[in-house]
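Report on the structure given below.
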Amino acid sequence: MKIIMLGAPGAGKGTQAKKIAERYNIPHVSTGDIFRANIKQGTPLGKQAKEYIDAGALVPDELTIGLLLDRIGQEDCKDGYILDGFPRTLTQAEKLTEALADSGNVDLVLDIEVQDDVIIARMGGRRVCPSCGASYHIVNIPTKVPGVCDVCGAAVIQRPDDAPETVKKRLDVYHEQTQPLIDYYKGLGLLFETDGTRAMDEVFSDIVWQIDKVSSEA
Ligand code: AP5
Ligand code: MG
Ligand code: ZN
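Quick note, the sequence shown lines up with residues 3 to 220 if you use the numbering used here.
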C-alpha cells in the first residue's frame, strides 16, 4: 500500500501517519522529519534546508525530490509506505507519478481538511520532544507530567517554525502551492477527503475504513 497524506501544516498528517504506519506495518516517510534530522546533525543538506524552514517557505524542489525518491527506493519501502509532507508542489507530484510509472502509482491520497483558524490554535499549543520526536498538544494531547515527554522523559519544546508569524506564512504557502494538488489527485481518482477537526481517533477510524476499502478492491 502506497499512501500520501495531504493537508495544511498542523492538519494532523504526522499524528495520523504514525498510527497508519503502526497499523499497516509500513514505513512513515516524512520529508519534514528528514530535514529536521539533518538540521540536528548539522549536515550540508540540513544547513540549506534550515534557511527555508525557519522562514516558513518550502525547501526547493531540487533538494527535495531526489531525497524523497532515494528514500522510497530503499528496501523497507518495497511493500509500500506512507508519505507525510510530500508532495507539496505540482512539480513534486508529477515527478512522483513519473517515478512510479512502472511499479504503479500510489493507491490512495488522504486529504485532512482543517480550517486555518483551527490550525493556528493547534500550532500554538503543539509541543514536540527534541529527543525522540513524540508530538503533543498542551490542551488536546497533553504530556502526563507538564513539559516532560511521556516516552523518554526529555523536556518538550515548541518547534521553531510554530511561531505565529511563521505559521501564517506556512498557511499562505500551503494555499498557494500545495492546495492545487487536491485537484490533481481528484483528477487521478485517488483522493479521499476527511474532516480533520474531529477527535484524533474519529479521524483515524475514517482513514482506516478508506484504506481497507481500497485494499479490498485491489
Ligand atoms: P512538515 O514537518 O511537513 O510540517 P507541516 O506540513 O507544516 O506540518 P506539521 O508537521 O506542522 O503538521 P502535521 O499536519 O504533521 O500536524 P501534527 O500531526 O503535528 O514540514 C516542515 C517544513 O519542512 C515545511 O514548512 C518546509 O519548509 C519543509 N518541507 C517539508 N516537506 C517539504 C516538501 N515536500 N517540499 C518542500 N519543503 C518541504 O498535528 C499538529 C498539532 O495538532 C499537534 O500538536 C497535534 O498533537 C495536534 N492534533 C493533531 N490531530 C488533532 C486532532 N484531531 N484534534 C486535536 N489536535 C490534534
Ligand atoms: Mg508533521
Ligand atoms: Zn521523547
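Where a beta carbon is used, it is the ideal one built from N, C-alpha and C, also for glycine.
Alpha helix (DSSP H) segment containing residue i, residue limits
| i | result |
| --- | --- |
| tyrosine 176 | Per DSSP, tyrosine 176 belongs to no alpha helix (DSSP H) and is neither H nor E. |
| arginine 25 | 15-26 |
| methionine 202 | 202-219 |
| leucine 70 | 63-74 |
| glycine 48 | 46-56 |
| isoleucine 184 | 182-189 |
Residue environment, residue i, which counts as buried when at least 16 other CB atoms sit within 10 Å
| i | result |
| --- | --- |
| arginine 172 | buried |
| serine 221 | Missing from the structure shown is residue 221; the chain here goes from 3 to 220 and no further. |
| threonine 168 | buried |
| valine 141 | exposed |
| proline 89 | buried |
| threonine 91 | buried |
| valine 147 | exposed |
| arginine 25 | exposed |
| glycine 75 | exposed |
| leucine 183 | buried |
| valine 61 | buried |
| lysine 4 | buried |
| cysteine 134 | exposed |
| glycine 1 | Here the chain covers residues 3 to 220 and nothing more, so residue 1 does not appear. |
| valine 205 | buried |
| glycine 149 | exposed |
| threonine 45 | exposed |
| aspartate 214 | exposed |
Start-to-end residues for the beta strand (DSSP E) that takes in residue i
| i | result |
| --- | --- |
| glutamate 195 | 193-197 |
| lysine 4 | 4-9 |
| valine 153 | Neither: valine 153 is in no beta strand (DSSP E) and is coded neither H nor E. |
| valine 31 | 30-32 |
Chain B contact for residue i (CB, 8 Å cutoff)
| i | result |
| --- | --- |
| leucine 190 | In summary, chain B is missing from the structure at hand, where a single protein chain is found. |
field: Exercise answer, beta-carbon shell around the ligand ZN heavy atoms below 6 Å
entry: Cys131, Ser133, Cys134, Ala136, Cys151, Val153, Cys154, Ala156
field: Beta carbon shell of the ligand MG at less than 7 Å from a heavy atom
entry: Lys15, Gly16, Ser32, Gly34, Asp86, Gly87
- prompt: Is the segment 13-26 in contact with the segment 67-77, if contact means three or more CB pairs nearer than 8 Å?
  reply: no
Secondary structure, alpha helix (DSSP H): runs of 4+ residues fully inside the segment 84-146: 92-101, 118-127
At least 3 beta-carbon pairs within less than 8 Å: the segment 113-121 vs the segment 191-200: yes
query: Between the segment 152-170 and the segment 122-138, do three or more beta carbon pairs fall short of 8 Å?
result: yes
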